[in-house]
Ligand code: SAH
């Protein structure tokens with residue numbers, strides 16, 4: 033085997049984008065995209081994933097759909113080599129080739145990797161979740177199941193149906209595995225089901241088609257080998273879909289979750305900072321929602337850390353240190369570490385976390401918060417701190433965002449404390465490019481709801497929308513807005529949004545609960 037010499041400082045990654053749901057790309061894939069200078073992507077790779085790439089990266093679409101190729105495979109291979117060479121000429125860079133599902137499962141990724149290698153360009157492979165596994169999973173079907181199926185096969189169903197002689201070994205396929213997953217087979221469904229029955233598979237074998245799996249457009253059609261072709265023709269079932277054949281398909285009745293979740297079919301935009309989106313996104317996705325990441329705020333460093341550093345040098349003088357957000361915790365501990373210190377510097381203070389997520393973040397630094405309020409209104413927090421032992425004249429350090437509200441510090445001062453408020457980070461509006469793909473989905477009317485978790489996300493979201501649309505009010509009419517609490521709702525009201533539901537408990541789980549309850553109430557009312 034010849035070992036290709038890395039050309040200059042060029043890195044090339046062949047990345048599996050997963051089947052559609054942007055949450056199903058690997059962490060390694062997202063990390064490669066974050067560093068990309070050039071991204072070459074396909075029809076089946078969700079364009080929302082491009083939001084991981086820096087705004088300055090060049091994104092090249094080489095979509096291929098069915099038999100009508102826009103760009104031939106040879107052209108794509110040459111394009112990849114050419115892009116790598118250009119990066120080399122520039123002194124280096126990262127090229128990401130993003131392909132739907134897994135790059136090496138019917139993705140022609142092998143040809144691209146070989147072509148790159150032949151041209152002397154080293155290339156790493158980052159596998160992806162293939163649709164042959166993800167589509168059945170999102171339809172509630174495990175491809176193997178104890179006592180039912182102990183083997184699974186992935187088969188290309190795209191044979192030309194006009195050919196007299198089939199080039200596939202149908203006997204071998206029919207009996208080669210318990211579960212058969214056909215890719216690219218929709219137009220050949222009559223041929224596939226007939227050949228399998230002729231080869232001896234029971235006509236009663238359950239069959240399922242899953243179209244646009246893992247996306248809000250997912251559609252499932254079930255039947256048997258004997259009936260499926262006719263039912264698919266009757267409803268005009270179209271590609272792209274995975275055809276699953278085998279006894280396991282019957283398990284869908286018991287396991288189906290995606291279409292039956294309380295938020296199924298709903299597309300929800302999440303406007304938190306990108307680093308914080310995942311906790312909320314994961315919960316919403318597990319309830320069946322499609323999540324659109326639209327980070328309306330970004331966390332940014334402060335122009336100067338003098339103030340924080342001075343407080344850190346004097347930490348022993350504080351009776352309480354109050355953290356109001358997980359970001360605040362992170363930023364504070366970065367400064368602590370910058371000063372050569374660690375959690376022990378907080379040994380003499382009592383630590384308060386406003387909210388469970390903040391407390392969770394503290395745990396990561398080895399600190400169990402002494403105090404987490406059970407109610408988050410500033411007045412209530414101040415009262416609870418007094419109950420927790422805050423005495424007149426005690427010094428309190430509140431570490432928080434630059435833009436935060438004054439209310440908690442003033443409530444604490446009103447109760448006799450001497451409060452130092454130090455910003456440890458600031459929030460800024462995101463770059464337009466970073467939210468462009470999600471914004472265009474919003475403009476196209478593809479979004480049902482938006483979640484707000486702070487006043488700044490509301491304000492930034494409003495200005496993003498006003499920037500891109502002259503008629504933002506009609507755009508927002510069909511959009512249900514969900515808020516984490518009264519302060520956020522008030523900010524939304526100021527921006528002209530009406531809130532569909534507000535969290536009773538001002539936390540992420542509380543917000544999710546509000547959405548689920550509101551949706552249930554709406555569908556009951558229908
Ligand atoms: N490399 C891809 C497969 C590419 S071949 C992978 O690993 O998934 C293209 C075929 O994949 C389509 O014709 C369809 O059969 C299947 N496919 C890809 N994404 C799909 C999706 N979201 N839902 C259903 N089928 C999908």
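Residue numbers (this note's numbering): 33 to 558.
C-beta: ideal position from N, C-alpha, C; glycine also.
With DSSP as the reference, label residue i as helix, strand or coil.
i           : result
residue 227 : helix
residue 422 : coil
residue 536 : coil
residue 369 : helix
residue 41  : coil
residue 48  : strand
residue 178 : coil
residue 26  : The question about residue 26 has no answer here: the residues shown for the chain are numbered 33 through 558.
residue 237 : coil
residue 548 : helix
residue 399 : coil
residue 205 : helix
residue 645 : In the structure as shown, the chain begins at 33 and stops at 558. Residue 645 is therefore absent and cannot be evaluated.
residue 482 : strand
residue 390 : helix
residue 151 : coil
residue 118 : helix
residue 376 : helix
Out of the options, which has the shortest C-alpha to C-alpha gap to residue i?
i           : options            : result
residue 516 : 550, 486, 455      : 486
residue 221 : 245, 234, 250, 188 : 188
residue 155 : 161, 165, 164, 144 : 144
residue 273 : 362, 219, 289      : 219
residue 291 : 309, 403, 253, 328 : 253
residue 551 : 141, 473, 511      : 511
residue 399 : 414, 228, 382      : 382
residue 239 : 391, 210, 250      : 210
residue 529 : 520, 536, 537, 535 : 520
residue 157 : 306, 368, 43       : 43
residue 216 : 426, 76, 63        : 76
residue 480 : 223, 255, 302      : 302
residue 294 : 390, 548, 554      : 548
residue 185 : 199, 208, 201      : 208
residue 320 : 289, 337, 129      : 289
residue 553 : 543, 542, 540, 533 : 533
residue 198 : 284, 260, 226, 176 : 226
residue 275 : 297, 348, 173      : 173
residue 404 : 391, 370, 423      : 391
Just to confirm the assignment, what range does the beta strand (DSSP E) spanning residue i have?
i           : result
residue 559 : Beyond the ends of the chain as shown, which are 33 and 558, falls residue 559; an answer cannot be given.
residue 251 : 251-256
residue 125 : 125-131
residue 613 : Only positions 33 to 558 of the chain appear in the structure, and residue 613 is not among them; the question remains open.
residue 382 : 382-385
Check for me: the alpha helix (DSSP H) holding residue i runs from which residue to which?
i           : result
residue 170 : 163-170
residue 470 : 464-475
residue 261 : 260-267
Is residue i a contact residue of the ligand ZN, with contact defined as CB to any heavy atom under 7 Å?
i           : result
residue 241 : Inclusion of the ligand ZN in the displayed structure is not the case, the ligand content consisting of the ligand SAH alone.
> Can you give, in chain order, each stretch of the beta strand (DSSP E) that sits fully within the segment 488-533 and has at least 3 residues?
Replying inline: 512-515
> Where in the segment 409-455 do unbroken runs of the beta strand (DSSP E), each at least 3 residues long, occur, reported from the N-terminal end onward?
Replying inline: Within the segment 409-455, the complete beta strand (DSSP E) runs of at least 3 residues are 427-433.
>> My parser needs the alpha helix (DSSP H) runs of 4 or more residues fully inside the segment 279-358; what are they?
In response: 284-287, 306-318, 338-345
> Along the chain, which unbroken stretches of the beta strand (DSSP E) at least 3 residues long are found entirely within the segment 50-106?
Replying inline: 70-73, 90-93
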